[in-house]
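The structure appears below as structure tokens.
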Amino acid sequence: MRFVIVTGMSGGGKSTAIHMLEDAGYYCVDNLPVSLIEKFSELITMPDNEISKVVLGIDARAGQAFEEVAGMIDAMKEKGIPTEVLFMDCSDQVLIKRYKETRRVHPMNVNDVGNRIEVGIAKERAVLAEVKKRADYVIDSSNLLTRELKEELDRIFVKNESYNSLMVTILSFGFKYGIPADADLVFDVRFLPNPFYIDEYKHQTGNDKGVQDYVKSFPACGEFLDKLTDMLQFLIPGYVQEGKYQLVVGIGCTGGQHRSVTIANELYDRLRNADGNYGLKLLHRDVKQAK
Numbered sequence: 001m002r003f004v005i006v007t008g009m010s011g012g013g014k015s016t017a018i019h020m021l022e023d024a025g026y027y028c029v030d031n032l033p034v035s036l037i038e039k040f041s042e043l044i045t046m047p048d049n050e051i052s053k054v055v056l057g058i059d060a061r062a063g064q065a066f067e068e069v070a071g072m073i074d075a076m077k078e079k080g081i082p083t084e085v086l087f088m089d090c091s092d093q094v095l096i097k098r099y100k101e102t103r104r105v106h107p108m109n110v111n112d113v114g115n116r117i118e119v120g121i122a123k124e125r126a127v128l129a130e131v132k133k134r135a136d137y138v139i140d141s142s143n144l145l146t147r148e149l150k151e152e153l154d155r156i157f158v159k160n161e162s163y164n165s166l167m168v169t170i171l172s173f174g175f176k177y178g179i180p181a182d183a184d185l186v187f188d189v190r191f192l193p194n195p196f197y198i199d200e201y202k203h204q205t206g207n208d209k210g211v212q213d214y215v216k217s218f219p220a221c222g223e224f225l226d227k228l229t230d231m232l233q234f235l236i237p238g239y240v241q242e243g244k245y246q247l248v249v250g251i252g253c254t255g256g257q258h259r260s261v262t263i264a265n266e267l268y269d270r271l272r273n274a275d276g277n278y279g280l281k282l283l284h285r286d287v288k289q290a291k
């Protein structure tokens, strides 16, 4: 029996996650009143119940006594009910962007639509804090594609593989287009010779072998990669231990097309081939920008 409670920030991907789990064969119930959660959990775990995989979606909409949920989760686990909690999180910046794009009122602001989106997000984080502490899985959807979210959910809830609490994103970018706002660590590789000034490589990128071979031909490149890889392998376990869920490592050069892309690709390969309890993804923010 798997009983999964899916909750999290409004706009963080909770509904999408529930739909994906439903497609994966889970029986899903969304937005059940908080007062019925414990009774529902008892019913679906009765010995004669034929349903073996259940998802319950709950959120902190206005009017819900959500402060009771944390206590209910503790009580269900004490009774031996196999309760798992999936918390869908997202950065404030991305949440604000999503709400502005959809022009929706934040659920925590329905009684005062004059409040800014930031106010509703802050209220919701406070309400959800205790539940998040009890989460078995926290997925930050800030930088996740729909396909990547599905892969992560399948890995945890279908294939029953181990959960990677930290998602590390290696992100190449160009300083001329600005430092990524969500970057936790930023490394400047403009000390390496720039392939842009060589006609053969000017219109290629760090995804092309010629550019890669050129950048990696300099001893400083290999030494930098060795030191950076070593540092990240030292830092990442500490981030995991401290409960960090998202780490964005920015690799920047002037235009974000040659040096940074090459270094990001190589760093991704090195970390991917290392043993570690973290997820890993690679993004090139500015590789398609006009040269």
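Residue numbers (full-length UniProt numbering): 1 to 291. Cβ coordinates follow ideal geometry from the N, Cα and C atoms, glycine included.
Suppose you measure from the CA of G256 to the CA of V186; what does that come to, to the nearest Å? One C-alpha to the other measures close to 13 Å.
Rounded to the nearest angstrom, what separates N31 and M9 at their Cα positions? Going by the C-alpha atoms only, they are around 14 Å apart.
What separation, rounded to the nearest whole angstrom, lies between the Cα atoms of L56 and L145? Roughly 23 Å between the two C-alpha positions.
DSSP on K53, reduced to helix/strand/coil? In the structure shown, K53 falls within a strand segment according to DSSP collapsed to helix, strand and coil.
Give me, in chain order, the residues of the same chain whose beta-carbon lies closer than 6 Å to that of H284; leave out the 5 immediate sequence neighbours on both sides. Counting only Cβ-Cβ distances below 6 Å, and skipping sequence neighbours, we find S172, V261.
Are P82 and R2 close, meaning C-beta to C-beta below 8 Å? In this structure, R2 lies closer than 8 Å to P82 by Cβ.
Closest by C-alpha distance to I51, when choosing among V34, C28, F66: Comparing Cα positions, the closest option is C28.
Bridge partner(s) assigned by DSSP for L192: L192 is not bridged to any residue.
Does the structure place the stretch 124-133 close enough to the stretch 85-92 that three or more beta carbon pairs sit under 8 Å? Yes: the two stretches touch, three or more of their Cβ pairs being nearer than 8 Å.
Please state whether the Cβ-Cβ distance between L153 and M46 is less than 8 Å. The answer is no: Cβ separation not under 8 Å.
Consult DSSP for L282 and reduce its assignment to one of helix, strand or coil. L282 falls in the strand class under three-state DSSP.
Cutoff 6 Å; reference T229; Cβ partners in own chain excluding five residues on either side: Within the same chain, T229 has close Cβ partners R270.
Which residues in the same chain have their Cβ closer than 6 Å to the Cβ of R155, if we skip the five residues on either side of it in sequence? Within the same chain, and ignoring the five residues on either side of R155 in sequence, the residues whose Cβ sits closer than 6 Å to its Cβ are E161.
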